[in-house]
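As given, the protein sequences belong to chains A and B, one line each in that order. Numbered per numbering that gives the first Met the number 0, the first sequence spans residues 0 to 348. Numbered per numbering that gives the first Met the number 0, the second sequence spans residues 0 to 348. Just so you know, even glycine gets a beta-carbon here, dropped at the ideal spot from N, CA and C. Owing to the predicted nature of the structure, the values given are computational and were not obtained by experimental measurement. Quick notes on the structure that follows.
2 protein chains.
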Amino acid sequence: MFKMVEDDEVDIVIAALNQDLGFLEEWRSLISRFHIIIVKDPELDSGLQIPPDFPSLSVYTRSDMEARIGPESLSLLRFTGFSTRYYGYLLSKRRYVVSIDADCVPLKDNLGRPIDIVRQHLANLTTPATPLFFNTLYDPYAKGSDFVRGYPFGLRCGVNCAVSCGLWLNIPDFDASILKSGKRNDRLVDAVLTVPKGTMLPLSGVNVAFDRELIGPALFSGLILAGEGKVRHETVEDLWCGMCVKVVCDHLGYGIKSGMPYVQRGGDGETEQEIQMERTMEGTSLLEVAVPFFQTMRLPQSAVTAEECIVEMAKLVREELGRADPSFARAADAMEEWVRLWRSMHTKQ
Amino acid sequence: MFKMVEDDEVDIVIAALNQDLGFLEEWRSLISRFHIIIVKDPELDSGLQIPPDFPSLSVYTRSDMEARIGPESLSLLRFTGFSTRYYGYLLSKRRYVVSIDADCVPLKDNLGRPIDIVRQHLANLTTPATPLFFNTLYDPYAKGSDFVRGYPFGLRCGVNCAVSCGLWLNIPDFDASILKSGKRNDRLVDAVLTVPKGTMLPLSGVNVAFDRELIGPALFSGLILAGEGKVRHETVEDLWCGMCVKVVCDHLGYGIKSGMPYVQRGGDGETEQEIQMERTMEGTSLLEVAVPFFQTMRLPQSAVTAEECIVEMAKLVREELGRADPSFARAADAMEEWVRLWRSMHTKQ
């Protein structure tokens, strides 16, 4: 059912927040045939330790960022912490991008073989999404599923799937307030579904893939708290990005799938971190303002590409949220600068 | 987490389309402590064979229908075929109604014990639904789940859950065109989720439960094809009912959950039926007209109860769809008559 994807159509993007990238060894059999983009967090001083013998691997560091986009733009876009990966998204020239946090390793099947998340993400992205009507049997284009009786025939062709949001076992991706409970996620739900049109979701940057040609310019955040980005439970960048990309997908008629594939997440590092309650509260209150804004946002019909959508969205962010908190005004500036950069790098001559 | 439900707050409603109700034996351990309402299809001539020793069981037949609501109303409401069960819904006086098709038996766990669908339906109905924002970890109120990071705190209390749509293994509930493939559904997805606000779903009558106090008057169809109702793959009544109830839930601020529990469906009876292509095509084309109608329907703010919503909806059906096909005009008449009956039977004196 799904389109063949060539190996050279895929980029694996990894943000290096710590110097030791030994976790890549566990991914070797799944990702070594693809081009791998590693972006080193510009705030990380020490050199990277990367396992040898990945045949196609590019590493980008602060000096590359400065040479390519300049310190002023860099200070606005803040490619640091988990947002480091956006620099990799910007540089990718391939159709599909798969990005996983560096504290994740593959799940194993019953025979101890790593489960192929790239394959599953590509299956999600290369089969239609169905955001216009709910299918009770989940993604009808997934193996073993179909459209249930009564699913309108006119909607069965679906729409292009632009984003595939994977999940994780072990360390959950909860807010700081819940995280300390010591709860582990050991429940794998073998399903994929399309998030319906008009419904926002909390997109997590832990394990995500997207069709860069369809939606690439929308995969950027802009909303980053001061000091954010070293631990996921404080992060708002991916949540903001998720709402931006969902509004753009709804507007342009693309779908977002959520569910499989899973990765195995973290040791206990995340829960052992000191929780910065001040930062956590700041993120929470910004999101409480942002959610109804995104839920009711309407983009003009004149915006017909992801770039145009983000430019229009940045205007709305500045006008409607900018006064509520300077973080929003700064996010709007960053979104516009991102699109400017994107255009300069990707516009065909 | 979920509210205790007393046994006498639950009605099990079964439509008897065939005389042999021996399948109830398989349900005995799960349902015998509840009141069971059996409604005999008025088009069925032979007497019913019901296993003995269910302590609380009421049987209603054509003569009861005629005495209670009269032949004229009966001919309009057409409680026959799968729509027979609506008569049971009308007569129920308990808070929760669980209804399963007579070709379904319980799934068994690894020890051969039947899996308790009533318990799961009640868990779905007595915990909040979350239709206003998507939770990537499915129903956050289900055991073993929670809200994922970034789920807005202001929306975590959720809303009342009015309907729980269960699923089925073995014989799938596909349209006639797919059904003949011989495909079986053997994939159980261990999840429940809320269908987001604004998204329609193909509600199946195979395995469904609802909170009668919240939404009872909306659980009726009115759209029934001539001769429909003996085999599910021709049925449109539950699909129409599902779109009505979804619009009412969205309007009144209630949620609909879909997923667990599963039942084991059918022998091979359904697929061996001759497919009536004419009836199938008629149903399909009516739904193609009805879906966009329901997707864009807005009920007036003055409608604040399920009864009022259905009355308003009937008007819209007559005005906007009535000319397209006489089946719609008849459905509108039936919906109004249903509410009139409901009020006469349930309004507190």
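{"Query": "Spell out the partners DSSP gives D10 (chain A) in its beta bridges.", "Result": "A:H34 and A:V96"}
{"Query": "May I have a chain-ordered list of the beta strand (DSSP E) segments no shorter than 3 residues that lie completely inside the segment 75-157 of chain A?", "Result": "95-99 and 103-105"}
{"Query": "Taking all protein chains shown into account, decide if A66 (chain A) is buried (16 or more other Cβ within 10 angstroms of its Cβ) or exposed.", "Result": "exposed"}
{"Query": "Return the bridge partner residues of W167 (chain B) from the DSSP annotation.", "Result": "B:V262"}
{"Query": "I'd like the list of long-range same chain contacts for P288 (chain A), defined as Cβ closer than 6 Å, with 5 residues on each side in sequence excluded.", "Result": "Reading off the sequence shown, one finds Val at residue 288 (chain A), where the question assumed Pro. The answer, listed in chain order, is A323."}
{"Query": "Taking the alpha carbon of T125 (chain B) as the point to measure from, which residue in B:A141, B:D249, B:P325 and B:N134 has its own alpha carbon closest?", "Result": "B:A141"}
{"Query": "Against Y253 (chain B), what residues of chain A qualify as contacts under a CB-to-CB distance less than 8 Å, listed in chain order?", "Result": "Result: empty, since nearest Cβ-Cβ is about 16 Å, beyond 8 Å."}
{"Query": "Within the same chain, show all residues whose beta-carbon is closer than 8 Å to that of M312 (chain A), passing over the 5 residues directly before and after it, in chain order.", "Result": "C243, V246, V247, M296, L298 and M334"}
{"Query": "I'd like to know if R297 (chain A) contacts chain B, where contact means its C-beta is closer than 8 Å to some C-beta of that chain.", "Result": "no"}
{"Query": "Name the chain A residues whose beta carbon is nearer than 8 Å to that of S203 (chain B)?", "Result": "T135, V147, R148 and G149"}
{"Query": "Can you check whether the C-beta of D172 (chain A) is within less than 8 Å of a C-beta belonging to chain B?", "Result": "yes"}
{"Query": "Could you confirm whether any beta carbon from chain A is found closer than 8 Å to the beta carbon of E307 (chain B)?", "Result": "no"}
{"Query": "Determine the extent of the alpha helix (DSSP H) in which D210 (chain B) is found, giving its start and end residues.", "Result": "No alpha helix (DSSP H) contains D210 (chain B), which is instead part of the beta strand (DSSP E) from N206 to D210."}
{"Query": "Give the secondary structure of S301 (chain A) by DSSP, where H, G and I count as helix, E and B as strand, and everything else as coil.", "Result": "coil"}
{"Query": "Can you tell me whether P216 (chain B) is buried or exposed, with buried defined as 16 or more other CB within 10 angstroms of its CB?", "Result": "buried"}
{"Query": "Out of curiosity, what's the CA-to-CA distance linking F293 (chain A) and L168 (chain B)?", "Result": "38 Å"}
{"Query": "Could you check whether the Cβ of T126 (chain B) sits closer than 8 Å to any Cβ belonging to chain A?", "Result": "no"}
{"Query": "Identify, in the order they occur along the chain, each residue of the same chain with its Cβ nearer than 6 Å to the Cβ of L121 (chain A), setting aside the five sequence neighbours on each side.", "Result": "V4"}
{"Query": "How many whole angstroms separate the CB atoms of P105 (chain B) and L29 (chain B), which I take to be in contact at a CB cut-off of 8 Å?", "Result": "6 Å"}
{"Query": "How far does the alpha helix (DSSP H) with V191 (chain B) in it extend, from its first residue to its last?", "Result": "Where V191 (chain B) is concerned, there is no enclosing alpha helix (DSSP H), although the beta strand (DSSP E) it sits in stretches over V191 to T193."}
{"Query": "Just to confirm the assignment, what range does the beta strand (DSSP E) spanning S343 (chain A) have?", "Result": "Looking at the DSSP string, S343 (chain A) is not in any beta strand (DSSP E); the run it does join, the alpha helix (DSSP H), is P325 to H345."}
{"Query": "At the level of alpha carbons, what is the spacing between S72 (chain A) and V158 (chain A)?", "Result": "35 Å"}
{"Query": "Can you tell me where the beta strand (DSSP E) with V58 (chain B) in it begins and where it stops?", "Result": "L56 to Y59"}
{"Query": "For S257 (chain B), is the beta carbon positioned less than 7 Å from some heavy atom of the ligand PLP?", "Result": "The ligand PLP is not part of the structure shown, which contains no ligands of any sort."}
{"Query": "Tell me the DSSP secondary structure of M3 (chain A) in three-state form.", "Result": "coil"}
{"Query": "So which residues of chain B does D194 (chain A) contact, with C-beta pairs closer than 9 Å?", "Result": "The sequence as given places Val at residue 194 (chain A); Asp does not occur at that position. Here the neighbours are F133, T135 and P195."}
{"Query": "Quick one: is H120 (chain B) near chain A, going by C-beta distance under 8 Å?", "Result": "no"}
{"Query": "Determine, for M199 (chain B), whether the minimum Cβ-Cβ distance to residues of chain A falls below 8 Å.", "Result": "yes"}
{"Query": "Taking a cut of 8 Å between CB atoms, which residues from the segment 41-62 of chain A lie near chain B?", "Result": "none"}
{"Query": "In three-state DSSP terms, what is A225 (chain B)?", "Result": "coil"}
{"Query": "Express the C-alpha separation of K314 (chain B) and L385 (chain B) in angstroms, rounding to a whole number.", "Result": "Given a span of 0 to 348 for chain B in the structure shown, any question on residue 385 (chain B) remains unanswerable."}
{"Query": "At a cut of 8 Å, does the segment 186-198 of chain B reach the segment 56-66 of chain B through at least three beta carbon pairs?", "Result": "no"}
{"Query": "What whole-angstrom Cβ distance do T129 (chain B) and L154 (chain B) have, given they're in contact under 8 Å?", "Result": "7 Å"}
{"Query": "Taking Cβ-Cβ distances shorter than 9 Å, what residues in chain B pair up with E287 (chain A)?", "Result": "P151, F152 and G153"}
{"Query": "T283 (chain B): which of B:G87, B:K92, B:S176 and B:S301 sits nearest, CA to CA?", "Result": "B:S176"}
{"Query": "Assign D19 (chain A) to one of three DSSP states: helix, strand, or coil.", "Result": "strand"}
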